Amino acid sequence: PPFRLSPATGSKSGGLLATPFARGLLMILAYRAGGTFFKVSVTVICVAVVSTFAADAFAQKTAKPVLHGKHWVAVTGKPLAATAGAMTFTRGGNAVDAACAMLAATSTMWDTLGWGGETQALIHNPKTGKVIVINALGAAPTGATPELFKGMGMGYPPEYGPLAAITPGTPGGLMVMLAEYGTLSLAEVLAPAMEMAAGYPMEQNMVDTLEAYKPLLLQWPDSARVMLPHLDPRSMRSHAAPYAGEKFVQSELLATLAKLVDAEKQALAAGLDRKQAIMAAYDRFYKGDIANELARAVQEGGGLITAEDLANWQVHIEEPVSTTYKGIEVFKPNSWVQGPVMLQTLNVLENFDLRSMGYNTPDYIHTLYQAMNLSFADRDFYYGDPYFPPEEPIKGLLSKDYARDRAASIVMDRNDPTVKPGDPYPYQGGSNPFMQMLQQWQPRLATPEQLAQTDAMNAEQARRAGTTSIQAADAEGWVVSITPSGGWAPAYIAGHTGIGLSQRMPSFVMDAEQYQNPYNVLEPGKRPRATLTPGMALKDGKPFLSFAVQGGDFQDQNLVQFFLNMVEFGMDVQQATEAANMGSYQAHSSFGDHTSEPGKLLLRADIPLDTQFRLHDMGYTIVNESKSSGPINAIFIDQQHGTLMGGSSDYGDDYGIAW
27 PPFRLSPATG
37 SKSGGLLATP
47 FARGLLMILA
57 YRAGGTFFKV
67 SVTVICVAVV
77 STFAADAFAQ
87 KTAKPVLHGK
97 HWVAVTGKPL
107 AATAGAMTFT
117 RGGNAVDAAC
127 AMLAATSTMW
137 DTLGWGGETQ
147 ALIHNPKTGK
157 VIVINALGAA
167 PTGATPELFK
177 GMGMGYPPEY
187 GPLAAITPGT
197 PGGLMVMLAE
207 YGTLSLAEVL
217 APAMEMAAGY
227 PMEQNMVDTL
237 EAYKPLLLQW
247 PDSARVMLPH
257 LDPRSMRSHA
267 APYAGEKFVQ
277 SELLATLAKL
287 VDAEKQALAA
297 GLDRKQAIMA
307 AYDRFYKGDI
317 ANELARAVQE
327 GGGLITAEDL
337 ANWQVHIEEP
347 VSTTYKGIEV
357 FKPNSWVQGP
367 VMLQTLNVLE
377 NFDLRSMGYN
387 TPDYIHTLYQ
397 AMNLSFADRD
407 FYYGDPYFPP
417 EEPIKGLLSK
427 DYARDRAASI
437 VMDRNDPTVK
447 PGDPYPYQGG
457 SNPFMQMLQQ
467 WQPRLATPEQ
477 LAQTDAMNAE
487 QARRAGTTSI
497 QAADAEGWVV
507 SITPSGGWAP
517 AYIAGHTGIG
527 LSQRMPSFVM
537 DAEQYQNPYN
547 VLEPGKRPRA
557 TLTPGMALKD
567 GKPFLSFAVQ
577 GGDFQDQNLV
587 QFFLNMVEFG
597 MDVQQATEAA
607 NMGSYQAHSS
617 FGDHTSEPGK
627 LLLRADIPLD
637 TQFRLHDMGY
647 TIVNESKSSG
657 PINAIFIDQQ
667 HGTLMGGSSD
677 YGDDYGIAW
């Protein structure tokens, strides 16, 4: 059979229906039915065929309604957190205030992130008409070198624990955003999260996560103390996590948040203004007693973060990178995340008539896959922290001429498993300092053992592990798109701070030659190239679309398709979040050993069988899943009517509220 079945979903799009016999049978049935499967009256096969040949119909139906708002929209990964955003709007806050409240709430809920993770945001400022970037990605601590991990017998940093941690970025990102662009006090914005830290009803999926990772959590006393309140040392098999619906109390996290609010209060009493008072709280986290306790606990547990690392780290407010697609300006953070890969892909795709190919036809999916492969190959070679040398060739990478030449290399009738990075330097008037490495480039193929591990993993959990997204917009024109991540359960909680640390260290590479990426090699103080990638678009200079998704290397793959669903195929924002996506495994993984699976193609199970057969014939190994993307959240700004429309995927617990 040309299809591989998912152990997570048990999809029946492979197996018997994927054999040549079934292929012929389906064709005969179609012929006998007058050329359309919808007239076949054979009971079992009819149901299967109708469901797989209804892509256009699926694109028009949605499980959730569009959110319509005149004043504001708030969307994020959990209903409680969306409510925190709505509460902040009703208190008179703007979209930045609401986004910060949702960020605090999701971090408190461990909604695939925690307070010690990283935050990256795009903000449209209606006062300037500009989009700016908040870079709150943590950095590698003192002593973090490839030699350290190799000396410990590790090929790369561990997936979990204190050695996986970079410096916390989310608290600083939240406070800088709020100070610079919000209107409310830190106390007002943190109020929902503090109430939740005092005790919120835990959800079943978090209960399941904590129980599944109980052996790992037991290695870290502070994590076990917080996350396993019912632990019975006499029976490791007994239930240890909070129960679904039980109030999960985080008294130490609450104390930490109270310290931030107290620092703000004292600064205001001393005559400082709103911004200065919020930054006084920032200093207490990164330079005061919170920082000292966090650093002590990390080092006691065998980690590397020092008080000096926390004091020296800072949030950067940056210019975004951008491109245009058919006149629409699309914005992303720079190469310290994978965001520019979406811009590169759009530049390549602009050279094709996608609309005439048709939504999710074989030619469309193939063209997307090849365009993404070209862009992700560049990501794997050239992306890294722009504050460290060598300087990334971002101007050349985003050149329309470069994209045109890359597009011309696409083979239109088969997959190319040998796609490699291009050379963008001539397109910015320079020469490539790593030409020899580029010429010797080869894909890092996953080993049979790694493939077996991937196949055994629950694919749905893999796409939902880590990260959430936050979208907020208001009538004044403030628009915020955030993809926060890191510190997800199971997290190493740092002492009595209640802060769960990031797990971003494995995103570095350990050797430029071995991993064929000279820009993302681990160094102390350097930010790892992360997958986290909020998006925003302007049309005629005004806000048009704000969007983000969770899902690691799939994020920009999903977002390219979401964007095209709206711009090329006329879907509304909710249809576009729920529509079927495809995913490529040909890009090198952003974690661990950074391996690739050329030609492996993820398709949602309702993609028509004839499309899947055609793609198999073009050289793809197809994996079917019931869901093929992480939960996409987005806001469409209806310029014609002056209203807001929110979309929130039907996958997961993501939720939105509008008014």
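Counting in our numbering, the sequence shown runs from 27 upward without gaps.
Ideal Cβ positions, reconstructed from N, Cα and C, are used throughout, including at glycine.
Model, not experiment: these values are computed from the prediction.
- Please report the Cβ distance between Ser616 and Gln497, rounded to the nearest whole angstrom; I am assuming they are in contact, meaning their Cβ atoms lie under 8 Å. Going by Cβ atoms, the distance from Ser616 to Gln497 rounds to 23 Å, so no, they are not a contact pair.
- With 16 other CB atoms within 10 Å as the buried threshold, where does Gln540 fall? Gln540 should be labelled exposed.
- Message: Report the start-end ranges of each alpha helix (DSSP H) in the stretch 203-247 that is 4 residues or longer and not cut off at the edges.
- Response: Taking 4 residues as the shortest admissible run, the stretch 203-247 contains the following complete alpha helix (DSSP H) segments, listed from N- to C-terminal end: 212-223, 230-238 and 240-243.
- Message: Within 10 Å of its beta-carbon, does Ala687 have 16 or more other beta-carbons around it, so buried, or fewer, so exposed?
- Response: Only positions 27 to 685 of the chain appear in the structure, and residue 687 is not among them; the question remains open.
- Message: Taking its Cβ as the centre, do 16 or more other Cβ atoms sit within 10 Å of Pro218, making it buried, or is it exposed?
- Response: By the 16-neighbour rule on beta-carbons within 10 angstroms, Pro218 is buried.
- Which class does Ile71 belong to by DSSP, given the choice of helix, strand or coil? Only weak support exists for where Ile71 lies, its pLDDT of 35 falling under 50; the value from the coordinates is given anyway. Helix.
- Task: Report the option in Gln292, Leu424 and Val287 whose CA atom is closest to the CA atom of Pro452.
- Result: Across the set Gln292, Leu424 and Val287, the C-alpha of Leu424 shows the shortest separation from the C-alpha of Pro452.
- Task: Can you grab the Cα-Cα spacing for the pair Thr473 / Ser348, in whole Å?
- Result: Cα to Cα, the separation comes out at about 37 Å.
- Task: Give a yes or no on whether the C-beta atoms belonging to Pro550 and Thr171 are separated by under 8 Å.
- Result: Result yes, Cβ atoms of Pro550 and Thr171 sit closer than 8 Å.
- Message: Suppose the cutoff is 6 Å on Cβ atoms and the five residues either side in sequence are ignored; what does the same chain contact list for Ile683 look like?
- Response: Answer for Ile683: Ala100, Ala108 and Ala112, listed in chain order.
- Query: What number of angstroms, rounded off, separates the C-alpha of Val505 from the C-alpha of Asn360?
  - Reply: Each residue's Cα considered, the two are about 19 Å apart.
- the stretch 629-638 contacting the stretch 379-393, beta-carbon criterion three pairs below 8 Å: In short, these stretches touch, since the Cβ pair count reaches three.
- Message: Using a 10 Å radius around the Cβ and a threshold of 16 neighbouring Cβ atoms, would you call Thr116 buried or exposed?
- Response: A residue is called buried when at least 16 other Cβ atoms come within 10 angstroms of its Cβ; Thr116 does not meet this threshold and is exposed.
- Message: Residues in the same chain with beta-carbon distance under 7 Å from His620, minus the five sequence neighbours each way, listed in chain order, please.
- Response: Hits under 7 Å: Arg470, Val535, Tyr541 and His614.
- Gly615 (DSSP reduced to helix, strand or coil): It should be pointed out that residue 615 corresponds to Ser in this sequence rather than to Gly. Secondary structure of Ser615 (DSSP, three-state): coil.
- Look at the alpha carbon of Phe175 and the alpha carbon of Leu189, and state the distance between them as a whole number of angstroms. Cα to Cα, Phe175 sits roughly 9 Å from Leu189.
- Task: Sort out for me which residues DSSP pairs Ile160 with in a bridge.
- Result: For Ile160, which the question treats as bridged, DSSP gives the partners Ala147 and Ile343.
- Closest by C-alpha distance to Pro366, when choosing among Val586, Val233 and Tyr611: With distances taken between Cα atoms, Pro366 lies closest to Val586.
- When you compare only the Cα positions, how much space is there between Ser249 and Leu139? The alpha-carbon of Ser249 is positioned some 15 Å away from that of Leu139.
- Query: What is the rounded straight-line gap between the Cα of Ala307 and the Cα of Leu283?
  - Reply: Between Ala307 and Leu283, the alpha-carbon positions lie close to 10 Å from each other.
- Under 8 Å between the Cβ atoms of Asn555 and Trp362? One point to set straight first is that residue 555 is Arg, not Asn, in the sequence displayed. Going by C-beta atoms, Arg555 is nearer than 8 Å to Trp362.
- How would you label Lys568, buried or exposed, when you count the other beta carbons within 10 angstroms and need 16 or more for buried? Counting Cβ neighbours within 10 Å, Lys568 comes out exposed, since fewer than 16 surround it.
- Which residue comes first and which comes last in the alpha helix (DSSP H) that contains Pro366? Where Pro366 is concerned, the enclosing alpha helix (DSSP H) stretches over Pro366 to Leu375.
- Message: Taking the beta carbon of Ala296 as the centre, do at least 16 other beta carbons fall within 10 Å, making it buried, or is it exposed?
- Response: Ala296 is classed as exposed because its beta carbon has fewer than 16 other beta carbons within 10 Å across all chains shown.
- Message: With H, G and I counted as helix, E and B as strand and the rest as coil, what does DSSP make of Ala498?
- Response: Residue state, collapsed to three classes: strand.
- Task: Can you give me the start and stop residues for the beta strand (DSSP E) that Asn386 sits inside?
- Result: DSSP places Asn386 outside any beta strand (DSSP E), giving it a letter other than H or E.
- Query: Assuming Ala223 contacts Leu279 under a Cβ cut-off of 8 Å, what Cβ separation, rounded to an integer in Å, is found between them?
  - Reply: Indeed they touch by this definition, with Cβ atoms about 5 Å apart.
- Task: Determine, using beta carbons only, whether Asp449 and Asn441 come nearer to each other than 8 Å.
- Result: No, the Cβ-Cβ distance between Asp449 and Asn441 is not below 8 Å.
- alpha helix (DSSP H) containing Met128: first to last residue? The continuous alpha helix (DSSP H) containing Met128 extends over residues Ala121 to Thr134.
- Alpha carbon to alpha carbon, what distance is there between Asp676 and Gly577? Near 15 Å, if we compare the C-alpha coordinates of Asp676 and Gly577.
- Task: With a floor of 3 residues, list each beta strand (DSSP E) that falls wholly inside the stretch 553-626, ordered by position along the chain.
- Result: Those beta strand (DSSP E) runs which fall completely within the stretch 553-626 and span 3+ residues are 561-565, 568-575 and 608-610.
- Item | Start-to-end residues for the beta strand (DSSP E) that takes in Ser507 | From DSSP, the beta strand (DSSP E) with Ser507 extends over Val505 to Ile508.
- Message: Just to confirm my understanding: we take Lys653, look at its own chain, exclude 5 residues before and 5 after, and list those with CB closer than 6 Å. What are they?
- Response: Scanning its chain for C-beta atoms nearer than 6 Å, with the 5 sequence neighbours on each side dropped, one finds around Lys653 the residues Tyr677, in chain order.
- Burial state of Met644 (16 or more Cβ within 10 Å): Counting the other CB atoms within 10 Å of its CB gives Met644 a total of 16 or more, which places it among the buried residues.
- Ordered along the chain, which non-local residues of its own chain (more than five positions away) have a Cβ less than 6 Å from that of Glu344? Correct list, in chain order: Val159 and Asn161.
- Query: In terms of residue numbering, what span does the alpha helix (DSSP H) encompassing Asn338 cover?
  - Reply: Per DSSP, Asn338 belongs to the alpha helix (DSSP H) from Ala333 to Asn338.
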